[in-house]
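Numbering (the working numbering), first residue to last: 6 to 423.
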C-alpha cells in the first residue's frame with residue numbers, strides 16, 4: 006500500500022519494475038492521490054467556452070514527458086503553481102508508451118504524484134496523444150487501448166487518422182474519406198463507452214505533421230465526410246489538428262541545433278475560424294515545441310486552443326550542461342546508427358544527415374533504452390535539469406496566456422485548485 010511516507014520510494018520502484026507489474030503498483034499510487042484531492046478530468050468545458058469566445062484567448066500547453074516523469078512533471082507543476090496557471094495537460098502517445106518504456110498507468114501515477122507533491126489539488130488533465138491509425142486493421146486494437154487508458158483517467162484522446170487517405174481521388178471529399186471513416190469509428194466507440202458524467206475530449210487530425218499544409222477546403226471536406234460516417238446523435242470532435250508548417254522535432258541543422266520553422270499563422274487563424282463554425286473549440290498545434298517564444302505567443306489570438314510540447318523537454322534534458330557526458334556519449338555511439346527519428350518514424354534520408362542530426366532525431370529512443378540509467382542520475386543533476394525545465398515552462402505559460410488564470414479551474418471544476 007502506498008502512503009505519503011513511502012511515495013517517492015514507490016515511484017522509483019514503479020519506474021524500474023518489470024512492465025507487467027507496473028499497473029498494480031501504479032493503481033496504489035493513483036488511489037493515494039485521489040484520496041488526497043486530485044482527480045482526472047475532461048477539459049471539454051474549458052474548450053467549449055474558448056470556442057464560444059466566453060474566455061479570453063489562451064492556448065493550453067500539452068506536455069509529453071517521455072521519461073523521468075515524476076521529477077520533470079514536478080518541475081512543470083511547480084512552475085504552473087508559481088505562475089497561477091490555468092489548465093495544463095500531460096500527454097503520452099502509444100508510440101511513446103512503447104518506445105520510451107512507460108505504461109499509461111505508470112505515466113498517470115507519476116503525473117498525479119508530482120502534482121500532489123507540489124501541493125496542487127484539483128483536476129488533472131491527462132491525454133492520449135497520437136492514437137494513430139496506420140492501417141485499417143489498427144482500428145479495433147486502438148479502440149481497446151483507448152478504452153484501457155481512459156480507465157486510468159486519460160479523458161482526452163487525440164485520434165490520428167491522417168495516414169488514411171485516397172491518393173487517387175479527384176475530389177477532396179474522396180481524398181479525406183478514409184480518414185473520416187476510421188476517425189468516426191473511434192469517436193462512436195469511445196462515446197458509447199465513455200465514463201458516466203464524463204464527456205471525453207476527442208481530437209482529430211487532417212494532414213500529416215511535416216506534410217503539405219492543410220487548407221480550409223481540406224477541413225470542410227473532412228468534416229463533410231465525418232458527418233456522413235458518424236452515427237446520428239453521436240457527439241462530434243471537440244478539436245482538430247492540421248498541418249500548418251511544423252514538423253515533429255523541428256528543423257534540425259547539420260550541427261544538431263534547430264532552425265526556425267515557417268509557420269503560417271494566417272492559415273491557422275482561417276482553419277480555427279472554420280473549425281469553430283463546425284462547433285469545434287479550435288485548432289491543435291503539433292510539432293511546436295521548438296518554436297520561438299514570440300511565435301508561440303501568436304497562437305492564442307490565432308484560435309489555437311492546445312499546443313503539444315515534447316521535443317524541447319527532451320532537449321533540455323539531453324543538452325543540459327549537468328547531464329553526464331559519458332552517458333550522452335554512450336547514447337550517441339548507439340543511436341547514431343539508427344534510421345528511426347522522432348516518434349519512431351523511419352528516416353528515409355538518414356544517409357544524407359550529419360552525425361549530429363542523426364543523433365538528435367534518434368535520441369527519442371534513449372528514454373526507453375536508457376531508462377534505468379536516467380532514473381539513477383544523481384539528485385543534484387536531476388535538480389539542475391528540473392530547474393531549467395521549470396524556467397522554460399514559465400516562459401511557455403506566459404506566452405500562451407494561461408498564466409494568471411487559475412480562476413478558470415475554480416470556475417469550471419468543483420473544488421478548483423489551490
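Even glycine gets a Cβ: it sits at the ideal position worked out from N, Cα and C.
Going by Cα to Cα distance, which pick from the options is closest to residue i?
i, options, result
"residue 281", "228, 112 and 313", "228"
"residue 164", "18, 190, 359 and 294", "190"
"residue 86", "98, 103 and 119", "119"
"residue 316", "292, 130, 325 and 333", "292"
"residue 72", "284, 247, 403 and 113", "113"
"residue 273", "299, 245 and 298", "245"
"residue 104", "367, 388, 386 and 387", "367"
"residue 289", "35, 41, 64 and 59", "64"
"residue 168", "33, 378, 206 and 184", "184"
"residue 67", "50, 40, 96 and 128", "96"
"residue 23", "398, 223, 376 and 171", "376"
"residue 378", "102, 330 and 111", "330"
"residue 415", "79, 32, 92 and 31", "92"
"residue 405", "363, 359, 314 and 322", "314"
"residue 107", "31, 297 and 143", "31"
"residue 362", "233, 380 and 341", "341"
"residue 270", "232, 284, 285 and 219", "219"
"residue 311", "203, 11 and 48", "48"
"residue 133", "149, 160, 139 and 125", "160"
"residue 166", "370, 303 and 147", "147"
"residue 198", "390, 152, 370 and 412", "152"
"residue 385", "339, 304 and 325", "325"
"residue 203", "130, 285, 373 and 33", "130"
"residue 370", "102, 177, 211 and 283", "102"
"residue 187", "303, 139, 327 and 225", "139"
Under the rule that 16 or more other beta-carbon atoms within 10 Å means buried, what is residue i, buried or exposed?
i, result
"residue 357", "exposed"
"residue 9", "exposed"
"residue 236", "exposed"
"residue 157", "buried"
"residue 239", "exposed"
"residue 264", "With a pLDDT of 48 at residue 264, under the threshold of 50, the modelled position of this residue cannot be trusted; read the value that follows with caution. Exposed: under 16 other Cβ atoms inside 10 Å."
"residue 337", "buried"
"residue 27", "buried"
"residue 201", "exposed"
"residue 135", "buried"
"residue 294", "buried"
"residue 410", "buried"
"residue 25", "exposed"
"residue 79", "buried"
"residue 388", "exposed"
"residue 298", "exposed"
"residue 21", "exposed"
"residue 58", "exposed"
"residue 319", "buried"
"residue 433", "Only positions 6 to 423 of the chain appear in the structure, and residue 433 is not among them; the question remains open."
"residue 243", "buried"
"residue 69", "buried"
"residue 13", "exposed"
"residue 433", "Since the first and last residues shown for the chain are 6 and 423, residue 433 lies out of range."
Per DSSP, residue i is paired with what?
i, result
"residue 163", "208"
"residue 69", "96"
"residue 2", "Residue 2 is absent from the structure shown; the chain starts at 6 and stops at 423."
"residue 404", "None, per the DSSP bridge assignment."
"residue 37", "DSSP, once it has assigned bridges, lists no residue as partnering residue 37."
"residue 45", "129"
"residue 244", "208"
Identify, in the order they occur along the chain, each residue of the same chain with its Cβ nearer than 7 Å to the Cβ of residue i, setting aside the five sequence neighbours on each side.
i, result
"residue 306", "62"
"residue 397", "317 and 321"
"residue 75", "16, 115, 118 and 119"
"residue 121", "38, 41 and 43"
"residue 128", "44, 46, 414 and 418"
"residue 111", "19, 27 and 31"
"residue 461", "Only positions 6 to 423 of the chain appear in the structure, and residue 461 is not among them; the question remains open."
Leaving aside the five residues before and after residue i along the sequence, list all residues of the same chain whose C-beta is less than 6 Å from its C-beta, in chain order.
i, result
"residue 382", "none"
"residue 435", "Residue 435 is absent from the model: the chain starts at 6 and stops at 423."
"residue 143", "none"
"residue 141", "none"
"residue 301", "404"
"residue 83", "123 and 395"
"residue 180", "170, 171 and 174"
"residue 226", "177, 178 and 181"
Who are the near neighbours of residue i in its chain, counting only those whose CB is closer than 8 Å to its CB and skipping five residues on each side?
i, result
"residue 261", "For residue 261, the pLDDT reaches just 49, beneath the cut-off of 50, and the residue's location in the model is therefore unreliable, although a value from the coordinates is still provided. So the list reads 359, 361, 362, 364 and 365, once near-sequence residues are dropped."
"residue 392", "80"
"residue 54", "60 and 417"
"residue 285", "56, 241, 242, 243, 244 and 245"
"residue 333", "323"
Self-check item: 3-residue-minimum beta strand (DSSP E) runs that sit fully inside the segment 132-178, ordered along the chain
Solution: Whole beta strand (DSSP E) segments, 3+ residues: 161-165.
Quiz item: Unbroken beta strand (DSSP E) runs of length 3 or more, entirely within the segment 94-129: which are they?
Solution: Along the segment 94-129, the beta strand (DSSP E) occurs as fully enclosed runs of 3 or more residues at 94-97, listed in sequence order.
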